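A quick write-up on the structure given underneath.
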Amino acid sequence: MKNALLRLREASASLSAAEQQIARYITENPEEATLLTVRELAQRTFTSPSSVVRVCRSVGFDGYKELRRALVGELAALGDKGRHAEAELSPADSVRDIVDKVTHKNIQSLSDSQLLLSPDVVEQCVQLLDSCRCVLLFGLGSSLLVAHDTYLKFLRLDKPCMVTDDWHAQLLSARNATPDYLGIVFSYSGQTVEVIQCMEALKANGVPIIAITRYSPSRVAELADYNLYIAANESLFRNGAMSSRIAQLNVVDILYTAYASRHYEETLRALTRTHIYKPGEPEEIIP
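Counting from 1, position 193 in the sequence shown corresponds to residue 193 in UniProt numbering; the numbering is continuous, with no gaps.
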């Protein structure tokens with residue numbers, strides 16, 4: 001089931017002012033929206049039927065009828081769980097309030113991202129991981145931290161992969177890549193110029209690309225062969241890149257676990273072989 005409310009929320013920032021008004025009206029009045037025709041919705045939002053259709057198509061629906069059907073199913077299945085209970089930080093918040101609000105945001109991000117992830121796309125991405133000669137990882141800022149986590153996970157399984165902190169080095173690795181490589185790109189915004197340049201170099205060399213990015217039209221999503229979408233309500237001090245980082249790490253955990261599951265016995269041996277024992281910890285015999 002396509003999640004209309006979630007898609008509208010995630011794509012809202014990329015819409016025009018009139019289209020944002022339509023998306024906001026639907027997300028704030030979902031029950032009412034299921035009863036309106038396209039013309040009635042346009043009248044309520046002081047827009048046009050063509051604008052309503054454009055909004056629907058921009059979030060993956062053929063038109064308003066399909067979005068409305070998805071909205072009915074979503075409300076029936078999720079009820080109030082489909083709504084976001086916004087809880088913004090304020091200067092008066094206690095530490096307990098901050099603990100609750102930040103935790104709620106992260107949990108909501110993971111829950112929403114689960115709804116956006118397609119198991120079929122994940123399966124295709126795991127197949128690429130399995131067959132490629134080497135994995136190249138790309139990202140800047142907080143996304144680079146996720147790339148490093150990915151590197152360490154696959155290093156333990158002896159899957160060749162490469163990550164570097166220097167953007168010029170990332171670009172050089174993209175320009176030297178061949179079609180038997182795989183590029184994995186991390187960009188929540190989907191607009192990071194340096195990452196886009198790396199992706200363009202990968203595309204020029206025929207390298208398949210997986211992007212872990214937000215559900216919204218973007219150059220990153222356009223260039224990628226496979227998109228693993230994440231949701232992240234970053235309205236709490238957005239520059240901190242909090243829930244988006246958690247959502248990206250969760251996707252990495254999914255890819256890693258699915259890949260390891262394909263090679264179950266080899267994975268057990270690799271994890272035992274690469275385990276770094278602490279002082280006093282008994283060593284196990286590698287099977």
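Idealized CB from N, CA, C, for every residue including glycine. All figures in this text were calculated on a predicted structure; none of them were measured in a lab.
- Distance from the Cα of Asp166 is smallest, within the candidate group Val195, His104 and Val251, for Val195.
- Annotation for Leu128: Leu182 and Pro208 place their beta carbon closer than 6 angstroms to its own, counting only its chain and skipping 5 residues before and after.
- In the three-state DSSP reduction, Phe154 falls in the helix class (H, G or I).
- DSSP places Arg39 in no beta strand (DSSP E) but in the uninterrupted alpha helix (DSSP H) bounded by Val38 to Arg44.
- Around Arg175, the same chain offers Ala201 as residues with beta carbons nearer than 6 angstroms, after the five sequence neighbours per side are excluded.
- Cβ-Cβ separation between Ser14 and Pro282: approximately 54 angstroms, too far for a contact (criterion under 8 angstroms).
- The DSSP-derived three-state label of Tyr277 is coil.
- A Cβ-Cβ distance of about 6 angstroms is found for the pair Phe154 and Val135, placing them in contact under the 8 angstroms criterion.
- Beta-carbon to beta-carbon, Tyr215 and Glu10 are separated by about 4 angstroms, close enough to satisfy the 8 angstroms threshold.
- Rounded to whole angstroms, Ala17 and Tyr264 show a C-alpha spacing of 50 angstroms.
- Between Tyr277 and Leu157, the C-beta spacing is not below 9 angstroms.
- Ala147 carries a helical assignment under DSSP once its states are collapsed to helix, strand and coil.
- When only Cα atoms are considered, Arg54 and Glu19 end up about 8 angstroms apart.
- Here the C-alpha atom of Arg245 lies approximately 18 angstroms from the C-alpha atom of Leu6.
- Take the alpha-carbon of Ser94 and the one of Pro30: they are about 33 angstroms apart.
- Residue state for Tyr229 is assigned as strand, using DSSP reduced to three classes.
- The straight-line gap separating the alpha-carbon atoms of Thr164 and Gln170 is approximately 6 angstroms.
- Our two residues, Asn227 and Gly280, have alpha carbons roughly 44 angstroms apart in a direct line.
- Val52 sits in a helix when the DSSP states are folded into three classes.
- Inter-residue distance for Gly60 and Thr178 is about 32 angstroms (C-alpha atoms, whole angstroms).
- In this structure Asn250 is in contact with Ser113, their Cβ atoms being roughly 6 angstroms apart against a cut-off of 8 angstroms.
- Leu116 is positioned such that its CB atom lies closer than 9 angstroms to that of Ala231.
- Runs of the alpha helix (DSSP H) lying entirely within the segment 134-219, each at least 4 residues long, are 142-156, 167-176 and 193-204 in chain order.
- Note that the C-beta distance between Ala211 and Ser109 is not below 9 angstroms.
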